[in-house]
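Enquirer: What follows is a structure written as structure tokens; I'll ask about it next.
2 protein chains.
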Amino acid sequence: MSSGSTLSIRWTRAASTAGSSLVPVWRSDRCRTRVGTGEAGYTSYGGGRVDRDLRRPLPRCTGGRRSAQAAPGGAADDRGAGCARPLAAPLRLAQGLRHRRLRRRHLRSRLHPRRPRVRPLAQGLARSLAVRDADALAASCRLSVSGLGRQTRDPSSVLAHLAERVSERTPSDRYGGGELVERLERRVAELLGKNAALFFPTGTMAQQIALRIWADRARLSTVAFHARCHLERHEHKGYEELHGLRGLLLGAPDRLLTLDDLEAIAEPVAALLLELPQRELGGRLPEWDELVAQTEWARRRDVALHLDGARLWLCPPYYGRGLDEIAALFDTVYVSLYKDLGAPGGCLLAGPADVIDEARVWRIRHGGRVFSVWPYVLAAERGLDEVLPRMVEYFGRARELAAGLAALDDLDVVPDPPQTPFLHLYLRRNGEKLREAALDIAEERGVWLGERFAVTPLPAVHMLELPIGASTLELPVAEIVALFGELLERSA
Amino acid sequence: MSSGSTLSIRWTRAASTAGSSLVPVWRSDRCRTRVGTGEAGYTSYGGGRVDRDLRRPLPRCTGGRRSAQAAPGGAADDRGAGCARPLAAPLRLAQGLRHRRLRRRHLRSRLHPRRPRVRPLAQGLARSLAVRDADALAASCRLSVSGLGRQTRDPSSVLAHLAERVSERTPSDRYGGGELVERLERRVAELLGKNAALFFPTGTMAQQIALRIWADRARLSTVAFHARCHLERHEHKGYEELHGLRGLLLGAPDRLLTLDDLEAIAEPVAALLLELPQRELGGRLPEWDELVAQTEWARRRDVALHLDGARLWLCPPYYGRGLDEIAALFDTVYVSLYKDLGAPGGCLLAGPADVIDEARVWRIRHGGRVFSVWPYVLAAERGLDEVLPRMVEYFGRARELAAGLAALDDLDVVPDPPQTPFLHLYLRRNGEKLREAALDIAEERGVWLGERFAVTPLPAVHMLELPIGASTLELPVAEIVALFGELLERSA
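See the structure below:
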């Protein structure tokens, strides 16, 4: 609270359709601004924002208060934290180094590999107590085993690529219209063999809308999907809260859906959502015949089929079939532009023209018709031109790499062999030790392995997600395998 | 339908929670893809997309059909249409000209003004039959009386400005977190004197969420706003369809709200939304005392106050009060980043930290947590640095310009005098003639006046919206007045 104002709490009777109840109302004597009625706060997303804010003086005349329950930034989203903090001297030095110099240093380190140093206790403690700035460390690395290396995300590098793709006469898109965005929509519709496609800012929005449309058409609110579906796990149940849909969870969390799971459904269902490849299961794919059998089950029951194809781009090599042939099994298809293709955001929903026209209205309702989206569109076109044609190559590399990694002790590749250029690595190590070791390697060798080692049902095992892409191919397979060997050794 | 496939329609009994009914199902014998059940299509947004698509061969294996009811692109969004068409030779020439040369030509034309030529009938007919490419014409103009000239929107020019604002080390934001976006959120929260602020892709999303939160806290679904509120007019009733809110419409469409309107409310209300300035009324503002009286009415009734401040940036000069002082009257405030500030999109919702934390969850539900939004953020920072400090200057120019324009016959400035750097011009002319004349002027003089002459309750009168900004100030007031004189003469 700013100086000179006091905060008072009084109880007020809140009128409500469901009767009335006493609720506390906070008031500042200075601003006379009602600021809340004491509901619980929610986990705050976005790296440490709350923490940092609390250290800063509150702005003048806010009349507000902080929810005591607000948690610091969620672990899944904390890469952006603290970029403004002063960097440690060695790191600042490393950041000044250019690609080739880092590469030289890296090659030298391979010839004379440094073994994990035994650090004095005090130093080790100091290091583990200080939160290392992983984002700055990632920025200092010029090599990354992850296919979508940080470099492809950096604003400066994206801007340079976008500038190559516009002329002085390229007009901005505007409220969803304009040649720029329509060109991308036509191109992706054609790639997927659908009549029409529509840009959305997020898959969360696109998929809720697709399911809502199918539910409205079936006059039925039940939609069915796997227990690890993005809608169930990562969207705070928007489908239920905003659209009143009921999610019927199918199968079991740790395996793919089967035809048996579908045949066990004993109630009417408006739509079935399948995810290809299934991200949380290591990019696994059902065999083609199984997939066809599942979609035929839906056809027989007049259940609409929606494809969560966030990473559909990765599937053709395994099936030996085109994107359109896979998409033809489904009524509507969502594909992401920022996963794999590397755009800063955005996605497309493709399907029959009348469904897409209806989705256009829902996009407005959701607040998804952004004034202009050309930065996403231009970057996505680059992805379609430069990344998509390399998928077969990435897939081959994923298989080679998996073979090498699977030979390491205490490391499982899932699935083995990979079905897409996307792997999950399960490492029998402590998660915090893995992260520290990975950051050490980033600092010393200039190669980014990742930092998110997720918990698994086995407390002794942690999981790293590894998409294979252009950055991965800059490093020889043997080198990546050696780095993971070192990671395991350092975190033992 | 692609060759080799046929389309059959059969009737199927659709299971439904509300009984069952016969619905037609279209099937392609080739794809076996259900593509729709014959609901009416919706107006398609986005300039002529449907028209153009219909001329193109359908992609392979779609199994789809076009909704017969799909209308061609909405009139409000057709600027982007047909940019790929070959330009007429004179226009192509004009596009090659640089700013100074156009200016010279323009000044020359003022010395020897060309009167409207009497065109041979055939030529005039041909011209009116051909749809002129307004977007390409706008692109060829290097001067614009509209404050947010097309030039500020062009991807090439925006990219150049953004590149100045990033270093090689600037990291991308990620899922709503990261220093880049948090820096903007802190800055705008401080400008508005609020505890916290959160980025949203659109105001549609931000405002629905703000009202939903206030409604939940009041345990009451009624929210009140003016009949011309954006939520009521331009969002396909998302607030009702997604959040189950009831909109209580206040006052009358063609005047500002008054305290009397509020005192006439005879039912409990969770939140009151006020719009400052009110865009559809020419950027009108209530007098300060009236505004304070309205907010005090809400305080007395424990009604939460939300400010639709899409163009709040324009208000301080009239009130002689800071943004924070105006915002302090409200609990939550939405401000746009693309209106006036000139970013390609995006907005912020500011308010108490616990409300913003709750809004963060709703942003995920709505599908508004875009993977990264740094292009909007960087452009908005530029707007705050370079546009916001000039508002007093723009306001002064708006008043000078209004005085000049009001002297023209058959033209009304609304409001007169202007209360913000934003005007509505009511011209007693046929809308199509105005548009043709404005495009003629664009073609011949290289100055863009606009092309959207909206209908008004008087069929003989059409309205042009005129935001005053940097582009406006590049032209002397007398010159702009002369151009509107010419517009009136040419369209008489």
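Just so you know, the sequences run in chain order A and B.
Note that the working numbering numbers the first sequence so that position 194 is 194, with each residue one more than the last.
Note that the working numbering numbers the second sequence so that position 375 is 1375, with each residue one more than the last.
Idealized CB from N, CA, C, for every residue including glycine.
(1) Indicate the three-state DSSP secondary structure (helix, strand or coil) for Thr1170/B in the structure shown.
(2) Rounded to whole angstroms, what is the Cα-Cα separation between Leu1273/B and Val1335/B?
(3) Take Val1447/B as the anchor and find which of Phe1484/B, Pro1316/B, Val1414/B, Pro1421/B has the nearest alpha-carbon.
(4) So if DSSP puts Tyr334/A in a beta bridge, which residue, or which two residues, is it bridged to?
(5) Between Phe371/A and chain B, is the shortest Cβ-Cβ distance under 8 Å, so that the two count as touching?
(6) For Asp1135/B, return the contacting residues in chain A, with the cut-off set at a CB-CB distance below 7 Å.
(7) The alpha helix (DSSP H) that contains Tyr394/A, what's its start and end?
(8) Specify whether the region 367-380 of chain A and the region 1191-1205 of chain B touch according to this definition: at least 3 beta carbon pairs, one from each stretch, less than 8 Å apart.
(9) Output needed in chain order: residues of the region 1147-1162 of chain B with a Cβ under 7 Å from some Cβ in chain A.
(10) Return no unless some Cβ of chain B is closer than 8 Å to the Cβ of Ser167/A.
(11) Beta strand (DSSP E) containing Pro1467/B: first to last residue?
(12) What residues of chain B sit near Trp374/A, judged by a beta carbon separation below 8 Å?
(13) I'd like to know whether the C-beta atoms of Glu1275/B and His1226/B end up nearer to each other than 8 Å.
(14) Keeping to the same chain, check which residues put their C-beta closer than 7 Å to that of Val1355/B; ignore five residues upstream and five downstream.
(15) Would you tell me roughly how many angstroms separate the C-alpha atoms of Ala139/A and Asp1173/B, rounded to the nearest one?
(16) Please state if the CB of Arg1428/B and the CB of Ala1460/B are separated by a distance shorter than 8 Å.
(17) Starting from the Cα of Ala264/A, find the closest Cα among Gln294/A, Phe395/A, Ala454/A, Pro457/A and give me that residue.
(18) In chain B, which residues lie with their C-beta within 8 Å of the C-beta of Ile468/A?
(19) Using CA coordinates, which residue listed in Glu489/A, Leu473/A, Asp440/A, Glu465/A is at the minimum distance from Ala134/A?
(20) What whole-angstrom Cβ distance do Ala206/A and Cys315/A have, given they're in contact under 8 Å?
(21) Could you check what DSSP says for Gln1278/B in three-state terms: helix, strand or coil?
(22) Give every residue of the same chain whose Cβ lies closer than 7 Å to the Cβ of Ala438/A, excluding the five residues on either side of it in the sequence, and list them in chain order.
(23) Please go through the same chain and pick out, in chain order, the residues whose beta-carbon is closer than 6 Å to the beta-carbon of Pro1352/B, but skip the five residues on each side of it.
(24) Using the Cα positions of Val1516/B and Pro375/A, report the straight-line distance between them to the nearest angstrom.
(25) Would you mind reading off the limits of the alpha helix (DSSP H) that contains Ala1493/B?
(26) Please determine, among Asp409/A, Leu458/A, Leu323/A, the residue with the shortest C-alpha to C-alpha distance to Pro389/A.
(27) Kindly list, in the order they appear in chain A, the residues whose Cβ is closer than 8 Å to that of Leu1242/B.
(28) Strictly under 8 Å for the Cβ-Cβ distance: is Val1361/B near chain A by that measure?
(29) Check distances from the C-beta atoms of the region 221-236 of chain A to those of chain B and list, in chain order, the residues that come in under 7 Å.
(30) With DSSP as the reference, label Gly1431/B as helix, strand or coil.
(31) With a threshold of 16 other CB atoms inside 10 Å of the CB of Ser1491/B, please say whether the residue is buried or exposed.
(32) List the residues that DSSP assigns as beta-bridge partners of Tyr1426/B.
(33) Cβ of Tyr283/A within 8 Å of Cβ of Pro418/A?
(34) Show which residues of chain A have a CB atom less than 9 Å away from the CB atom of Tyr1338/B.
(35) Considering only the alpha carbon of each residue, which of Leu257/A, Glu325/A, Pro476/A lies closest to Glu400/A?
(36) Is the number of C-beta pairs between the region 173-192 of chain A and the region 1179-1194 of chain B that are closer than 8 Å three or more?
Expert: Short version:
(1) Sequence index remark: in the second sequence, residue 1170/B carries index 170 (1-based). Here Thr1170/B carries a coil assignment [DSSP, helix/strand/coil].
(2) By 1-based counting over the second sequence, the position of residue 1273/B is 273. By 1-based counting over the second sequence, the position of residue 1335/B is 335. If you take the alpha carbons of Leu1273/B and Val1335/B, they lie about 13 Å apart.
(3) Working through the second sequence from its first residue, we reach residue 1447/B at position 447. Comparing Cα-Cα distances from Val1447/B to each of Phe1484/B, Pro1316/B, Val1414/B, Pro1421/B, the minimum goes to Phe1484/B.
(4) Within the first sequence, the letter at position 334 stands for residue 334/A. Beta bridge pairing from DSSP links Tyr334/A with Asp308/A, Leu349/A.
(5) Taking the first sequence and counting its residues from 1, the one referred to as residue 371/A is at position 371. For Phe371/A, the answer is yes, since a Cβ of chain B falls inside 8 Å of its Cβ.
(6) Residue numbering aside, residue 1135/B sits at position 135 when the second sequence is read from its first letter. In chain order: Pro171.
(7) The residue labelled residue 394/A in the question sits at position 394 within the first sequence. Looking at the DSSP string, the run of the alpha helix (DSSP H) that includes Tyr394/A is 391-406.
(8) Verdict: yes, contact present.
(9) Shown in chain order are the members of the region 1147-1162 of chain B whose Cβ falls below 7 Å from a Cβ of chain A: Arg1153, Asp1154, Pro1155, Ser1156, Leu1159, Leu1162.
(10) Taking the first sequence and counting its residues from 1, one reaches residue 167/A at position 167. It does; some Cβ of chain B falls within 8 Å.
(11) Position 467 of the second sequence, counting from 1, holds the residue named residue 1467/B. Under the DSSP assignment, Pro1467/B falls in the beta strand (DSSP E) whose first and last residues are 1462-1467.
(12) Translated into positions along the first sequence, residue 374/A becomes position 374. Within chain B, Pro1155, Pro1344 have C-beta atoms less than 8 Å from the C-beta of Trp374/A, given in sequence order.
(13) Along the second sequence, read from residue 1 onward, the residue named residue 1275/B stands at position 275. Along the second sequence, read from residue 1 onward, the residue named residue 1226/B stands at position 226. In this structure, His1226/B lies closer than 8 Å to Glu1275/B by Cβ.
(14) The count along the second sequence starts at 1 and reaches residue 1355/B at position 355. Within the same chain, Val1355/B has close Cβ partners Ile1213, Thr1332.
(15) As a working mapping, residue 139/A is identified with position 139 in the first sequence. As a working mapping, residue 1173/B is identified with position 173 in the second sequence. When rounded, the separation of the alpha-carbon atoms in Ala139/A and Asp1173/B is 13 Å.
(16) The sequence position of residue 1460/B within the second sequence is 460, counting from 1. The sequence position of residue 1428/B within the second sequence is 428, counting from 1. Closer than 8 Å, so yes.
(17) In the first sequence, the residue the question calls residue 264/A occupies position 264. Considering only alpha carbons, the answer is Gln294/A.
(18) Position 468 of the first sequence, counted from the start, is the residue given in the question as residue 468/A. In chain order: nothing, as chain B lies at least about 20 Å away.
(19) Looking up residue 134/A in the first sequence gives position 134. The shortest Cα separation from Ala134/A among Glu489/A, Leu473/A, Asp440/A, Glu465/A belongs to Asp440/A.
(20) What you label residue 206/A is simply residue 206 of the first sequence in a count that begins at 1. What you label residue 315/A is simply residue 315 of the first sequence in a count that begins at 1. In fact, because the Cβ distance is near 18 Å, the residues do not count as touching under 8 Å.
(21) Residue numbering aside, residue 1278/B sits at position 278 when the second sequence is read from its first letter. Residue state, collapsed to three classes: strand.
(22) Translated into the one-based positions of the first sequence, residue 438/A becomes position 438. Once the five neighbours on either side are set aside, the close Cβ partners of Ala438/A are Leu449, Gly450, Glu451, Leu487.
(23) Taking the first residue of the second sequence as position 1, residue 1352/B is located at position 352. So the list reads Asn1195, once near-sequence residues are dropped.
(24) Within the shown structure, residues of chain B are numbered from 1001 to 1492, placing residue 1516/B beyond reach of any answer.
(25) Residue 1493/B is absent from the structure shown; chain B starts at 1001 and stops at 1492.
(26) To locate residue 389/A, count along the first sequence from 1; it is residue 389. In terms of Cα proximity to Pro389/A, the closest of Asp409/A, Leu458/A, Leu323/A is Leu323/A.
(27) For the purposes of this step, residue 1242/B is taken as the residue at position 242 of the second sequence. Leu242, His243, Arg365, His366, listed in chain order.
(28) In the second sequence, the residue the question calls residue 1361/B occupies position 361. It does: the Cβ of Val1361/B has a partner Cβ on chain A nearer than 8 Å.
(29) Residues are counted here when their Cβ sits less than 7 Å from a Cβ of chain B; for the region 221-236 of chain A these are Ser221, Glu235, His236, given in chain order.
(30) In the second sequence, counting from the first residue as 1, residue 1431/B sits at position 431. In the structure shown, Gly1431/B adopts helical secondary structure according to DSSP, grouped into three states.
(31) In the second sequence, counting from the first residue as 1, residue 1491/B sits at position 491. When all chains shown are included, Ser1491/B counts as buried.
(32) As a first step, residue 1426/B must be located in the second sequence, where it is residue number 426. For Tyr1426/B, which the question treats as bridged, DSSP gives the partners Asp1412/B, Met1463/B.
(33) Start at 1 with the first residue of the first sequence, and residue 283/A comes out as number 283. Start at 1 with the first residue of the first sequence, and residue 418/A comes out as number 418. With the sequence shown as reference, residue 283/A is identified as Gly, and Tyr is not the correct amino acid for it. Contact: yes.
(34) Along the second sequence, read from residue 1 onward, the residue named residue 1338/B stands at position 338. Near Tyr1338/B (Cβ distances below 9 Å), the residues of chain A are Val370, Phe371, Ser372.
(35) Taking the first residue of the first sequence as 1, we reach residue 400/A at position 400. That would be Pro476/A, whose Cα lies nearest to the Cα of Glu400/A.
(36) Because the criterion of three Cβ pairs below 8 Å is not met, the region 173-192 of chain A and the region 1179-1194 of chain B do not touch.
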